[in-house]
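*Asks:*
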Amino acid sequence: MTTRWPLPEPMMLALEAAKKAADGGEVPVGAAIVKHGEVIAVAANATRSPPDPTGHAEMRAIRMASERLGDDRLAGCDLFVTLEPCVMCAGAIAHARIARLYYGASDPKGGGVENGARVFEQETCLHRPEVYTGMGEAESARLLRSFFQQRR
1337 MTTRWPLPEP MMLALEAAKK AADGGEVPVG AAIVKHGEVI AVAANATRSP
1387 PDPTGHAEMR AIRMASERLG DDRLAGCDLF VTLEPCVMCA GAIAHARIAR
1437 LYYGASDPKG GGVENGARVF EQETCLHRPE VYTGMGEAES ARLLRSFFQQ
1487 RR
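Now the structure itself:
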């Protein structure tokens, strides 16, 4: 992997999770949640086995972090994810009160943050995390392109 600056550990863990997802036939997306500098959850997409349309990496990481902290509110937590969250995941991020969202590749077709519905810009959005884009973008995009090229 080449990048202009060293990626923080949580994004590296998210990228590793994304690679494992691809190895298992899942779309390569990974996520990590951090609180006070400690990684408390790492997850990859798992929508095919078991079949679960909500098994996106972000949703799974939010569930893990909530269980670990014993709270449905993840205030003070940062979420690192390899791909721009979809509308469903952006809604969950808002409901979980994630403080900061860092993501790699943009998703012009299915994204819900800077593309599509732009969930956090809606008046009805109850919480808006700070959003930082492009972290690990090249690596994330390369994983996704490779995955889908192999399936064509």
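For the sequence shown, our numbering gives the first residue as 1337, with consecutive numbering after it.
The beta-carbon is built from N, C-alpha and C at its ideal position, and this holds for glycine as well.
Consult DSSP for V1449 and reduce its assignment to one of helix, strand or coil.
*Replies:* By 1-based counting over the sequence shown, the position of residue 1449 is 113. Coil at V1449, not helix or strand.
*Asks:* So, do the segment 1356-1368 and the segment 1416-1425 have three or more beta carbon pairs nearer to each other than 8 Å?
*Replies:* Yes: the two stretches touch, three or more of their Cβ pairs being nearer than 8 Å.
*Asks:* Which of helix, strand or coil does DSSP assign to A1474?
*Replies:* Numbered from its first residue, the sequence shown carries residue 1474 at position 138. If DSSP states are grouped into helix, strand and coil, A1474 belongs with the helices.
*Asks:* Just to confirm my understanding: we take A1426, look at its own chain, exclude 5 residues before and 5 after, and list those with CB closer than 8 Å. What are they?
*Replies:* Position 90 of the sequence shown, counted from the first residue, corresponds to residue 1426. These residues qualify, in order along the chain: G1448, V1449, A1453, V1455 and F1456.
*Asks:* Let me make sure I understand the geometry here. Which of A1397, I1376, R1384 and P1344 has the alpha-carbon closest to that of D1359?
*Replies:* Locating residue 1359 in the sequence shown gives position 23, counting from the first residue. The residue with the shortest Cα to Cα distance from D1359 is R1384.
*Asks:* Name, in chain order, the residues that DSSP records as bridge partners for T1383.
*Replies:* Within the sequence shown, the letter at position 47 stands for residue 1383. For T1383, which the question treats as bridged, DSSP gives no partner whatsoever.
*Asks:* Please look up how many angstroms separate the CB atoms of A1411 and A1379, rounded, as I've assumed it's under 8 Å.
*Replies:* Here the question's residue 1411 lines up with position 75 in the sequence shown. Here the question's residue 1379 lines up with position 43 in the sequence shown. A1411 to A1379, Cβ: 20 Å. No contact.
*Asks:* Report the residue ranges of all beta strand (DSSP E) runs contained in full by the segment 1339-1425; include only those spanning at least 3 residues, in chain order.
*Replies:* Counting whole runs of 3 or more residues, the segment 1339-1425 contains the beta strand (DSSP E) stretches 1366-1371, 1374-1380 and 1413-1419.
*Asks:* Rounding to the nearest angstrom, what Cα-Cα distance links M1400 and E1475 in this structure?
*Replies:* Translated into positions along the sequence shown, residue 1400 becomes position 64. Translated into positions along the sequence shown, residue 1475 becomes position 139. Using only the alpha carbons, I get a separation of about 25 Å.
*Asks:* Exposed or buried, what is T1339 when buried is set at 16 or more other beta-carbons lying within 10 Å of its beta-carbon?
*Replies:* Mapped onto the sequence shown, residue 1339 falls at position 3. Confidence in T1339 is poor, its pLDDT being 45 and thus under 50, which makes the residue's placement unreliable; the coordinate value appears in the next sentence. Per the 10 Å Cβ criterion, exposed.
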